[in-house]
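In my numbering, the protein residues as written are 8 to 400.
A virtual CB, placed ideally from N, CA and C, is assigned to each residue, including glycine.
Contents: one structure, followed by commentary.
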Ligand code: ZN
C-alpha cells in the first residue's frame, strides 16, 4: 500500500541514515481543509455527491467535480492513498419525470445521461472514482439503514412512509429554523406534510404510484428518499465515516446535513464526515447557474470552443468556497495564464524550495491561485509539479 518511496524495512545503524528527517515523504499532517487541519491515514475516503442523471452537465456541476478531483489529487500528492466514491442518484422523482417526458424508461434514460456526463468529466481531466454506486443497486442497503434508524428510534412509519426524525438537524448545521425551512422548501421538501411529527422530519421511504419505480419493503412497495440513498451508498463504500464529504455549496443543507444525521443515528459514530468540501456556487448573470432558472452554460458547448485545461484552470483558479460569476470571456485570460505556466515549466531549473512552496500552498486549504502564482514565477520543476498535481497538462 502507498506510493511513497519509504523503505519497507527500517534502516539499522547511523551509517544507513542517508536522508535527514526533513526528507520524509509523508506530509499529510500539513493538510488544511476549511481552515482546519485534516491529518489523514491511508486510505483517505472521499465521498462526492454525484449527479442525478436527468440533464446534461453545466459549469456549476463541473466546478464541484473538478474541485473534488483536485482535492483528491492534493491528498495523493501528500503521500496518502485516496479512495473516491461518486454516486449516481438514479432513483429520484426529478429523473422519473424527465424520463416520462422523453417517453423512455428511467434507467435507460439515466444511463444515456451518465454517458454524456462521463464524457464531459473525462475531457475535464477528472479521474474516474474507485466506487461509482448507483442508487437503484442499493435499495436493500437503504432498507437496512431504515430498519436500523427505526430500531434506534430515529425514524417512524406512517401509512407506508418512513420518516427520519430531523428536528435537531438545522441546529446541528448552525441554521435557525426559519432559514432551514426556506432551504428545505427550495429543495422541494414539504415541511407542512400532515403525516410528519416535525416539519424537519424527512421521508426516507415513500409509497410509489403507478408511474414511479417501486421496490418491495417492510412498509409496502415504494422508493427511497435522496438523503437516505446517499447515506446508504456511503455506508456501503466506506463504512461509518468518511474523511471528506464533497458537493456543491447548496448541498450543505439539507442534503449533507441529513445524510450525515442518518448515518450517525444508525451507527452511533460521529462525525460521519471529518471535513466538508462544499464548493461555492457558480453564478451566471447574477443568479446561481441552474436548470430551473435557465441560465446555463453547458460543459460540452464550452469544450467545443476552448481547451479543456483552460476550462479546468478557470474553475480552479480561485478559493473553492467562494461563489463566483462565470463569464465566457474569462476563458481568454485563463488560457493565457495556462500558456504562461507551460512556458515557465519549460525553464530548466527551479529550486526544491519552490516546488515545496507550490505543495504548501495546495495543502493550505487548496490555495490554487497562490500555487499558480508561485509556479508561474519560479518555473521549472515547480511549474511541472503544479501542472501534474492539478492535471492541467
Ligand atoms: Zn449525496
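Sub-8 Å separation of residue 169 and residue 178 beta-carbons:
Working through the chain shown from its first residue, we reach residue 169 at position 162. Working through the chain shown from its first residue, we reach residue 178 at position 171. Going by C-beta atoms, residue 169 is not nearer than 8 Å to residue 178.
Considering only residues of the same chain and omitting the five flanking positions on each side of residue 138, which have a CB-CB separation below 6 Å?
Translated into positions along the chain shown, residue 138 becomes position 131. Within the same chain, residue 138 has close Cβ partners 92, 244.
Endpoints, alpha helix (DSSP H) assigned at residue 237:
Reading the chain shown from its first residue, position 230 is the one you call residue 237. Taken as a continuous stretch (DSSP letters only), the alpha helix (DSSP H) holding residue 237 covers 233–245.
Within the continuous beta strand (DSSP E) that includes residue 349, where are the two ends?
Along the chain shown, one-based indexing puts residue 349 at 342. That residue, residue 349, is in no beta strand (DSSP E); its alpha helix (DSSP H) goes 338–352.
Check whether the stretch 194–205 touches the stretch 123–131, counting contact only when three or more Cβ pairs, one atom from each stretch, lie closer than 8 Å.
no
Counted within 10 angstroms of its Cβ, other Cβ atoms place residue 195 as buried (16 or more) or exposed:
Start at 1 with the first residue of the chain shown, and residue 195 comes out as number 188. Exposed: under 16 other Cβ atoms inside 10 Å.
Closer than 7 Å to a non-hydrogen atom of the ligand ZN - does that hold for the CB of residue 243?
Here residue 243 refers to the residue found at position 236 when the chain shown is read from its first residue. The answer is no for residue 243.
Compute the minimum distance between the beta carbon of residue 266 and the heavy atoms of the ligand ZN, and state whether it is under 7 Å.
Walking along the chain shown from the start, residue 266 turns up at place 259. The answer is yes for residue 266.
Suppose the cutoff is 8 Å on Cβ atoms and the five residues either side in sequence are ignored; what does the same chain contact list for residue 286 look like?
Numbered from 1 along the chain shown, position 279 holds the residue referred to as residue 286. Once the five neighbours on either side are set aside, the close Cβ partners of residue 286 are 70, 71, 74, 75, 253, 254, 255, 256, 327, 328.
Is the stretch 365–384 close to the stretch 39–51, with three or more CB pairs under 8 Å?
yes
What does the shell around the ligand ZN hold, if a residue joins when its beta-carbon is under 5 Å from any heavy atom?
56, 237
Can you give me the Cβ contacts of residue 165 inside the same chain, cut-off strictly under 6 Å, excluding the 5 residues immediately before and after it?
Here residue 165 refers to the residue found at position 158 when the chain shown is read from its first residue. Hits under 6 Å: 202.
Using CA coordinates, which residue listed in 192, 305, 306, 215 is at the minimum distance from residue 261?
In the chain shown, residue 261 corresponds to position 254, counting from 1. If we check each option's Cα against that of residue 261, 192 comes out closest.
So residue 74 is in the alpha helix (DSSP H); what residue range does that whole segment cover?
To locate residue 74, count along the chain shown from 1; it is residue 67. Per DSSP, residue 74 belongs to the alpha helix (DSSP H) from 66–84.
Got a sec, what are the start and stop residues for the alpha helix (DSSP H) residue 177 sits in?
Residue 177 sits at position 170 when you count from the first residue of the chain shown. Residues 176–179.
In chain order, what residues of the same chain have a beta carbon less than 7 Å from the beta carbon of residue 47, not counting five sequence neighbours either side?
Translated into positions along the chain shown, residue 47 becomes position 40. The answer, listed in chain order, is 35, 38, 82, 87, 250.
Start and end residues, beta strand (DSSP E) containing residue 210
By 1-based counting over the chain shown, the position of residue 210 is 203. Start and end: 209–214.
Looking at the structure shown, is residue 384 part of a helix, part of a strand, or coil, going by DSSP?
As a first step, residue 384 must be located in the chain shown, where it is residue number 377. Reduced to three states, the DSSP call for residue 384 is helix.
For residue 230, count the other beta carbons within 10 Å of its own beta carbon; 16 or more makes it buried, fewer makes it exposed. Which is it?
Within the chain shown, residue 230 is the residue found at index 223, counting from 1. So residue 230 counts as buried.
Under three-state DSSP, which class holds residue 204?
Mapped onto the chain shown, residue 204 falls at position 197. Residue 204: coil per DSSP, three-state reduction.
Pull up the distance between the alpha-carbon of residue 228 and that of residue 219, whole angstroms please.
Taking the first residue of the chain shown as 1, we reach residue 228 at position 221. Taking the first residue of the chain shown as 1, we reach residue 219 at position 212. Distance between the alpha carbons of residue 228 and residue 219 is about 10 Å.
Could you spell out where the alpha helix (DSSP H) holding residue 268 opens and where it closes?
Counting from 1 along the chain shown, the entry for residue 268 is found at position 261. Residues 264–274.
Taking only three categories from DSSP, how would you classify residue 9?
Here residue 9 corresponds to residue number 2 of the chain shown, with the count starting at 1. Bear in mind that the predicted position of residue 9 carries a pLDDT of just 40, short of 50, making it too unreliable to give a figure here.
Are the CB atoms of residue 320 and residue 344 within a distance shorter than 8 Å?
Within the chain shown, residue 344 is the residue found at index 337, counting from 1. Within the chain shown, residue 320 is the residue found at index 313, counting from 1. In contact: residue 344 and residue 320 (Cβ atoms closer than 8 Å).
Straight-line Cα distance separating residue 190 from residue 246:
By one-based count along the chain shown, residue 246 stands at place 239. By one-based count along the chain shown, residue 190 stands at place 183. C-alpha separation (whole angstroms): 29 Å.
Helix, strand or coil for residue 323 per DSSP?
In the chain shown, counting from the first residue as 1, residue 323 sits at position 316. In the structure shown, residue 323 sits in a helix (DSSP, three-state: H, G or I).
Alpha-carbon spacing of residue 317 relative to residue 154, whole angstroms
Here residue 317 is taken as the residue at index 310 of the chain shown, counted from 1. Here residue 154 is taken as the residue at index 147 of the chain shown, counted from 1. Cα to Cα, the separation comes out at about 48 Å.
Classify residue 16: buried if its beta carbon has 16 or more other beta carbons within 10 angstroms, exposed otherwise.
Position 9 of the chain shown, counting from 1, holds the residue named residue 16. Under this definition residue 16 is an exposed residue.
Residue 38 - DSSP class collapsed to helix/strand/coil:
Reading the chain shown from its first residue, position 31 is the one you call residue 38. If DSSP states are grouped into helix, strand and coil, residue 38 belongs with coil.
With a threshold of 16 other CB atoms inside 10 Å of the CB of residue 390, please say whether the residue is buried or exposed.
Start at 1 with the first residue of the chain shown, and residue 390 comes out as number 383. Counting Cβ neighbours within 10 Å, residue 390 comes out buried, since at least 16 surround it.
Would you call the CB atoms of residue 62 and residue 148 closer than 8 Å?
Locating residue 62 in the chain shown gives position 55, where the first residue counts as 1. Locating residue 148 in the chain shown gives position 141, where the first residue counts as 1. No, these two residues do not count as a Cβ contact at 8 Å.
Residue 280 lies in the alpha helix (DSSP H); which residues open and close that run?
Position 273 of the chain shown, counting from 1, holds the residue named residue 280. Not the alpha helix (DSSP H): residue 280 falls in the beta strand (DSSP E), residues 280–286.
Taking only three categories from DSSP, how would you classify residue 194?
Counting from 1 along the chain shown, the entry for residue 194 is found at position 187. Of the three classes helix, strand and coil, the one that applies to residue 194 here is coil, per DSSP.
Alpha carbon to alpha carbon, how far is residue 279 from residue 96?
The residue given as residue 279 occupies position 272 in the chain shown. The residue given as residue 96 occupies position 89 in the chain shown. Roughly 20 Å separates the two Cα atoms.
Which whole-angstrom value describes the C-beta separation of residue 325 and residue 376, a residue pair presumed to lie in contact below a C-beta threshold of 8 Å?
As a working mapping, residue 325 is identified with position 318 in the chain shown. As a working mapping, residue 376 is identified with position 369 in the chain shown. With a Cβ gap of about 6 Å, residue 325 and residue 376 count as contacting.
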